[in-house]
Amino acid sequence: MEYLRQRQGIGYSIPYKNRHARGLYGSSGCVSTLLMTGQVRQPLFPVCYVHCVYFLLILRSFLYEGFNMQTCRAVFMVLIGLVAFSGALKAQFNSPLGRDICLSVEQDMNVSGEVFFSSWRPFLQEHVAQAKSTALAWNPPQREGQSWWRRKFFEENLFIRQDSSYLIFLDPVFDFELGKESSVNRNLYVNTRGVRVGGRLGKHFAFESDLYENQSKVPVQADAFTAQWRVIPGQGAARRYKDTGWDYANVSGYISWTPSLSQNLQFGHGKNFAGDGYRSLLLSDNPFAYPYLRYTCTLGRLQYVRTIASFMNVVPKADVEEYPKKTAGFDYLTVDIGRRLQVSLFESNIWANPDSTGRFKPAFGIFNPIILTNTLFTADRTDIHSLAGLNVKFLATRSIVLYGQVAFDDIMNTVKNAGMQLGAKYFDALGLPGLFLQAEFNRVEKGAYSFTDHTAISYVHYNQAIAHPLGNNFREALAFASYSFRRFRVEYRLNIAKEKQSGVVPPGELAAYANGKKVVFHHVQAAWMMNPRNTMQVVAGYTDRNETSSVDRLHTGVLFVAFRTALRNRYYDF
């Protein structure tokens with residue numbers, strides 16, 4: 003990860019000595035040279051009042067109208083209209099969800115000693131101001147004698163314009179990959195082209211949008227999944243392309259408004275992740291992107307995140323697909339204890355859409371910000387699916403992180419539908435800079451995430467599990483090892499999963515896809531980071547997957563080379 007933590011050229015305009023006197027997340031950081039510093043100049047009450055009015059207006063539009071152009075236009079106009087109410091603040095971008103970037107940020111923040119809430123992603127960039135990750139910076143170092151082509155290919159964003167009042171950037175996003183799958187003798191490919199554009203207008207308003215157009219021929223297990231559920235894992239609805247391939251598109255984006263130093267409001271279409279591990283048993287970036295409205299409040303050692311999202315069930319039939327909608331609310335409350343221990347409470351609730359038009363009829367719970375009360379008060383209702391959980395992180399040293407999760411589905415009626423995670427991360431392991439080790443164990447019991455009395459509110463979106471890709475009733479062990487030196491990186495990953503009922507939890511009753519299936523997954527790769535600003539890299543690697551069950555066995559290996567940007571995660575290890 004060293005290539006993502008280049009120290010050169012990332013300046014801090016304000017010392018951190020007075021950071022807490024100026025507010026927890028002051029004006030220092032990777033983008034501090036671009037944005038005006040200072041405290042909120044008006045009383046806190048008017049700011050909060052305006053913020054609440056704004057939140058209710060957008061929430062009403064989101065619930066009654068859905069994610070459409072009218073809603074987007076309303077959001078944009080209200081944002082512009084309320085800009086004048088904020089003081090000298092800084093707009094907050096989301097950091098990319100790419101695993102390498104997140105690990106680099108986490109390591110830097112652990113070393114910094116600052117309060118860092120690591121278990122909700124994407125991070126707000128101003129919250130990780132001390133991270134040195136080059137991918138988070140907008141002010142690249144200026145080196146004399148370099149040509150424009152060299153700077154754009156190896157050092158800078160493709161296009162960036164900035165001054166004290168605005169920032170606009172544009173980068174290509176792509177994934178060009180060729181592979182060979184042994185045993186089944188398949189030639190694989192990925193052809194992804196797209197663009198990432200974003201910016202900051204004023205001192206408190208930011209936006210970003212990513213567009214991917216894809217054609218691919220995927221490994222055999224992902225191909226079988228796509229053929230059955232009509233969705234590429236994590237990447238959207240797909241249709242056949244040249245008989246054996248798939249064609250699909252991904253669009254994500256958000257607008258971000260920061261009314262005070264401690265608050266942020268976002269409306270977007272994307273993904274979220276709750277946890278400190280590779281997997282999450284609460285909320286992960288495994289499924290396709292979805293519309294969301296997210297409010298983040300950070301006060302000292304306390305952080306509260308409230309997210310309202312719109313999910314969809316894709317029910318494939320012979321000639322037509324149905325798209326019943328459902329609305330979800332997620333509450334995530336984290337307390338930092340002594341800068342070593344963080345404990346997070348999690349609650350999710352999924353409401354069914356009762357009318358034939360697919361519009362959600364608001365219930366009290368969608369407006370209720372008090373965590374766990376929805377679960378307690380609606381235990382006997384069959385139109386709400388509740389999940390409660392706990393995430394714990396312990397910083398044993400600045401290099402060793404211990405973490406864990408527990409998840410309880412329908413906790414008021416049974417404790418059998420539970421999940422458990424234990425893991426450890428070791429940065430600069432054994433005193434060797436750049437060496438990273440991680441181990442993780444996940445276990446989920448039968449029945450978790452499903453809701454047999456009302457199948458429309460199972461814990462799925464676009465036929466993909468909202469939490470762990472394997473759904474439920476499995477045991478999984480993972481191990482990681484990677485070493486980074488300058489811009490070079492090698493890594494190895496091992497997954498061992500034992501599934502009694504495998505696959506994603508379908509939007510109906512759980513079916514036994516396999517009879518005690520066991521999957522052993524090896525992945526090794528080497529990468530050279532060409533441009534840390536946009537994570538452009540050249541990768542070569544090999545994946546070996548051995549699946550056995552009482553009725554069948556499938557052993558495949560994939561040798562691949564790729565030229566890609568690594569801003570997002572892709573999960574084919576199931």
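Take 3 as the starting number for the sequence shown in my numbering and just add one per residue.
Glycine is no exception: its CB is placed at the ideal position from the N, C-alpha and C atoms.
Please specify which runs of the alpha helix (DSSP H), each continuous and at least 4 residues long, are wholly inside the segment 285-350, giving them in chain order. none
Can the beta-carbon of histidine 524 be found closer than 8 Å to that of aspartate 554? no
Measuring CB to CB, does histidine 393 end up less than 8 Å from alanine 276? The amino acid occupying residue 393 in the given sequence is asparagine; histidine does not appear at that position. Yes, Cβ-Cβ distance for asparagine 393 and alanine 276 is below 8 Å.
How is the alpha helix (DSSP H) around serine 120 delimited, first residue to last? Looking at the DSSP string, serine 120 is not in any alpha helix (DSSP H), and its letter there is neither H nor E.
Pick from Ser460, Thr567, Val186 that is closest to serine 350, judged by C-alpha positions: Ser460
Check the DSSP bridge columns for alanine 481 and list the partner residues they point to. Ala441, Leu496
Rounding to the nearest angstrom, what Cα-Cα distance links leucine 283 and serine 211 in this structure? 28 Å
Mind reading off the beta-carbon distance from glutamine 94 to glutamate 128? Whole number of angstroms is fine, and I expect it under 8 Å. 5 Å
Can you grab the Cα-Cα spacing for the pair serine 114 / lysine 134, in whole Å? 10 Å
Go ahead and pull the three-state DSSP assignment for threonine 260. strand
Please state whether DSSP places phenylalanine 87 in a helix, a strand or coil. Residue placement at phenylalanine 87 is flagged as unreliable, the pLDDT there being 43, under the threshold of 50; the coordinate-derived value follows with that caveat. In the structure shown, phenylalanine 87 sits in a helix (DSSP, three-state: H, G or I).
Of the listed residues Trp259, Asp575, Gly449, nearest to valine 522 (C-alpha basis): Asp575
By Cβ distance, which residues of its chain are closer than 6 Å to proline 326, with the 5 residues on each side in sequence left out? Asn315, Ala458
Taking the alpha helix (DSSP H) that aspartate 102 falls in, what are its first and last residues? 101-114
Excluding the five sequence neighbours on either side, which residues of its own chain have a C-beta within less than 6 Å of the C-beta of tyrosine 297, listed in chain order? Leu267, Arg308
Would a C-beta distance cut-off of 8 Å place arginine 202 and tyrosine 243 closer than the cut-off? no
Chain-order list of residues whose beta-carbon lies under 6 Å from that of isoleucine 413 (same chain, five-residue window excluded): Ala390
Take the Cβ of proline 45 as the centre, count every other Cβ of all protein chains shown within 10 Å, and call the residue buried at 16 or more, exposed below. The predicted position of proline 45 is uncertain, since its pLDDT is 35 and thus under 50; no value can be drawn from it.
Quick check on this structure: which residue in Asp110, Leu213, Pro435, Ser258 has the alpha carbon closest to the alpha carbon of threonine 136? Asp110
Contact check, lysine 182 vs valine 560, beta carbons under 8 Å: yes
So, is isoleucine 257 buried or exposed, given that buried needs 16 or more other C-beta atoms within 10 angstroms? buried
Kindly provide the ranges of any beta strand (DSSP E) runs that are 3 or more residues long and lie completely inside the segment 133-189, ordered along the chain. 161-164, 168-183
Straight-line gap, alanine 479 to aspartate 177 (C-alpha atoms, nearest Å): 29 Å
For valine 233, the three-state DSSP class (helix, strand or coil): strand
Alpha-carbon spacing of glycine 436 relative to glutamine 423, whole angstroms: 26 Å
Return the CA-CA distance between alanine 208 and alanine 139, expressed in angstroms with no decimal places. 15 Å
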